[in-house]
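Chemist: As numbered in the numbering used here, residues 1 to 466 make up the sequence shown, in order. Pasting in a structure now, in structure tokens, and then I'll have a few things to ask.
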Amino acid sequence: MFLILVLIGLVALYFYGTRTFNYWKSRGIKHDKPVPIFGTNLKQFMQQASMCMMATEMYKKYPEEKVVGFYRGTDPELIIRDPEIIKRILTTDFQCFHSRGLTYHKTCVEPLLRNIFFADGDLWRLIRQRFTPAFSTGKLKAMFHIITDRAEKLQVITEEVVDREYYDARELMARYTTDFIGVCAFGIDMDSLSDENSHFRKLGKRIFERRFRDAVAGALKIMFPEVFKHMHFLAPELETNMKHLVQTVLKNRNYKPSGRNDFIDLMLELREKGKIIGESIEHKNPDGTPKIVDLEMDDLLMTAQAFVFFGAGFETSSTASSYTLHQLAFHPEYQKKVQEEVDTVLAKHNNKLTYDAIKEMKYLEMAFYESMRMYPSVGYLIRQCCVPKYTFPEIDLTIDEGLKVMIPIQAIHRDEKYFREPNKFDPERFSDGTKEDIKNFVYLPFGEGPRSCVGPDWDRCSQWPA
């Protein structure tokens, strides 16, 4: 009897794990043969490849296709290879693809995921609407002296280790990034540059550390999203630590702006303006006009934004700056040009690193953009279809609501069809007169459209001083 039950269970699991595998075949879309339950994503489940590596592999395997079918577990997804279709998803028909679908469920059940990066629908739109002004040029200029102070401390450390045979630039930049985000976001001296084992450096590491528990939770939420929708993706200690951090700062400021002009102050100023009110992108009135929706800026919502500011800002900034340094170190001819430009510009500004001085360093900008091409901080973008049916006119393909499309940024950035000698570090490809030749929607380090990076200027101004 026991064996019969086991056999029935295995058969049921097989049918459950293959129930969607006719999706791309029935639509005539090329794809690899999926494995029951794991789809075409088995390598990621086995921790043998990242999602970025899987997307790149599929991108290269079907060079003549505009799109490629993929199965993340049992969920069909579509990998986009064509720039015109990418444009359609990110901008032209954005209203049909405004969601990322990163929470594996329509609502954010984890408090820390109710942030501008993970949120979808009206929650995302209202947060984005209120937070975009927080990254204005004026706000950046007001914070720039904080960034340069950390950059000067970084310079002291680099001078101390300059004679060493090798040094971990990635870790050094992570400590630098942790420090300036600590000051710019929370008004706290996190002291990671002086102490590589500081509490905040450990917190930054934990956000992106993949332990066994994290891998299992992620796999279960992908394979059985409805069953495990209430399982937390983030480690419990992260939520506890972030809540404590933000509450401590808010309490010290009596829950009012302190005049520091940091990220916490910006959120407190936004809260003083009252509820966030805007037009819905999910719901309409009977006459077809968008409904009016609102959102309360409470402590938990502020904590969620602080979490993504700390986590995403730390990871993207430290990755981009360390790769730029790495490439310049291995290409002394470009490093010399950057150094000469920095010396010339600083001489014009009384040897003071200012916001305006940074904006004049065009060759440094070129080196940074080229590094972001070769090593984008985000290797792929995900968008989710938000309408009952959507048809791509370029290929006469109709997909269903909820289906996710993937834009493999790293693979596109290394495609010789768009970039000559794509594996070669060459800042000159972003020089005036040359960068105009780059095809639209094939260079996407900050994304494009309404859901592009909310603070690309922040990324540049925080990294270039280093």
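Don't be surprised by glycine CBs; every beta carbon is placed ideally from N, CA and C.
Once the 5 residues before and after histidine 326 are set aside, which same chain residues still bring their CB inside 7 Å of it?
Modeler: Translated into the one-based positions of the sequence shown, residue 326 becomes position 326. Ala169, listed in sequence order.
Chemist: Going by other Cβ atoms of all chains shown within 10 Å of its Cβ, with 16 needed for buried, is arginine 429 buried or exposed?
Modeler: Residue 429 sits at position 429 when you count from the first residue of the sequence shown. Buried, by the Cβ-count rule.
Chemist: According to DSSP, is isoleucine 4 part of a helix, a strand, or is it coil?
Modeler: Position 4 of the sequence shown, counted from the first residue, corresponds to residue 4. Helix at isoleucine 4.
Chemist: Bridge partners for valine 68 per DSSP, in chain order?
Modeler: Residue numbering aside, residue 68 sits at position 68 when the sequence shown is read from its first letter. Paired residues: Ile79.
Chemist: On the three-state DSSP scale, how would you describe serine 192?
Modeler: Residue numbering aside, residue 192 sits at position 192 when the sequence shown is read from its first letter. Looking at serine 192 - three-state DSSP - the assignment turns out to be coil, as it is neither helix nor strand.
Chemist: If you measure between the beta carbons of glycine 17 and threonine 74, is that distance less than 9 Å?
Modeler: The residue labelled residue 17 in the question sits at position 17 within the sequence shown. The residue labelled residue 74 in the question sits at position 74 within the sequence shown. Taking 9 Å as the Cβ cut-off, glycine 17 and threonine 74 qualify as a contacting pair.
Chemist: So, does the region 55-75 touch the region 330-345, judging by three or more C-beta pairs under 8 Å?
Modeler: With the cut-off at 8 Å, the region 55-75 and the region 330-345 do not touch.
Chemist: Does the region 376-392 come within contact of the region 314-333, defined as at least 3 CB pairs closer than 8 Å?
Modeler: Touching, per the Cβ criterion.
Chemist: Where does leucine 295 sit, in a helix, a strand or coil, going by DSSP?
Modeler: Residue mapping note: residue 295 aligns to position 295 of the sequence shown, counting from 1. Strand, per DSSP.
Chemist: If you scan the region 353-410 from start to end, which runs of the alpha helix (DSSP H) of 4 or more residues do you find wholly inside it?
Modeler: Whole alpha helix (DSSP H) segments, 4+ residues: 355-359, 362-374.
Chemist: So, using beta-carbon positions, are glycine 69 and isoleucine 29 closer together than 9 Å?
Modeler: Taking the sequence shown and counting its residues from 1, one reaches residue 69 at position 69. Taking the sequence shown and counting its residues from 1, one reaches residue 29 at position 29. Going by C-beta atoms, glycine 69 is nearer than 9 Å to isoleucine 29.
Chemist: Tell me the residue span of the alpha helix (DSSP H) that contains histidine 244.
Modeler: Sequence index remark: in the sequence shown, residue 244 carries index 244 (1-based). Unbroken alpha helix (DSSP H) run through histidine 244: 236-252.
Chemist: For lysine 275, collect the residues of the same chain with a Cβ closer than 8 Å to its Cβ; drop the 5 residues on either side in sequence, then sort them by chain order.
Modeler: In the sequence shown, counting from the first residue as 1, residue 275 sits at position 275. Within the same chain, lysine 275 has close Cβ partners Asp294, Leu295, Glu296, Met297.
Chemist: Classify lysine 284 as helix, strand or coil using the three-state DSSP reduction.
Modeler: Position 284 of the sequence shown, counted from the first residue, corresponds to residue 284. Note: lysine 284 maps to strand in three-state DSSP.
Chemist: How long is the line joining the alpha carbons of aspartate 149 and asparagine 351, rounded to whole angstroms?
Modeler: Numbered from its first residue, the sequence shown carries residue 149 at position 149. Numbered from its first residue, the sequence shown carries residue 351 at position 351. The alpha-carbon atoms of aspartate 149 and asparagine 351 are separated by roughly 14 Å.
Chemist: For the pair the region 80-100 and the region 393-410, tell me if three or more CB-CB distances fall below 8 Å.
Modeler: Output reads yes: the region 393-410 touches the region 80-100.
Chemist: Please list the terminal residues of the continuous alpha helix (DSSP H) segment that includes histidine 199.
Modeler: For this step, residue 199 is matched to residue 199 along the sequence shown. Taken as a continuous stretch (DSSP letters only), the alpha helix (DSSP H) holding histidine 199 covers 199-208.
Chemist: If you compare alpha carbons, which of Pro445, Arg100, Asp415 is closest to threonine 56?
Modeler: Position 56 of the sequence shown holds residue 56. With distances taken between Cα atoms, threonine 56 lies closest to Asp415.
Chemist: Just checking, does the region 165-181 make contact with the region 189-209 on the three C-beta pairs under 8 Å criterion?
Modeler: Yes, the region 165-181 touches the region 189-209.
Chemist: Whole alpha helix (DSSP H) runs in the region 3-54 with 4 or more residues, listed along the chain?
Modeler: 23-26, 42-45, all fully within the region 3-54.
Chemist: Could you spell out where the alpha helix (DSSP H) holding phenylalanine 144 opens and where it closes?
Modeler: Taking the first residue of the sequence shown as 1, we reach residue 144 at position 144. Here the alpha helix (DSSP H) through phenylalanine 144 covers 137-161.
Chemist: Please report the Cβ distance between phenylalanine 144 and tyrosine 355, rounded to the nearest whole angstrom; I am assuming they are in contact, meaning their Cβ atoms lie under 8 Å.
Modeler: By 1-based counting over the sequence shown, the position of residue 144 is 144. By 1-based counting over the sequence shown, the position of residue 355 is 355. At roughly 5 Å, the Cβ-Cβ gap stays under 8 Å, so phenylalanine 144 and tyrosine 355 are in contact.
Chemist: CB-CB under 8 Å to aspartate 426, same chain, minus the five flanking residues each way: which ones, in chain order?
Modeler: Counting from 1 along the sequence shown, the entry for residue 426 is found at position 426. Contacts found: Glu370.
Chemist: Quick one: what's got a C-beta closer than 6 Å to lysine 389's C-beta in the same chain, skipping five residues either side?
Modeler: On the sequence shown, position 389 is the one that residue 389 refers to. Correct list, in chain order: Thr398.
Chemist: Return the first residue and the last residue of the alpha helix (DSSP H) that valine 338 is part of.
Modeler: Along the sequence shown, read from residue 1 onward, the residue named residue 338 stands at position 338. Residues 332-348.
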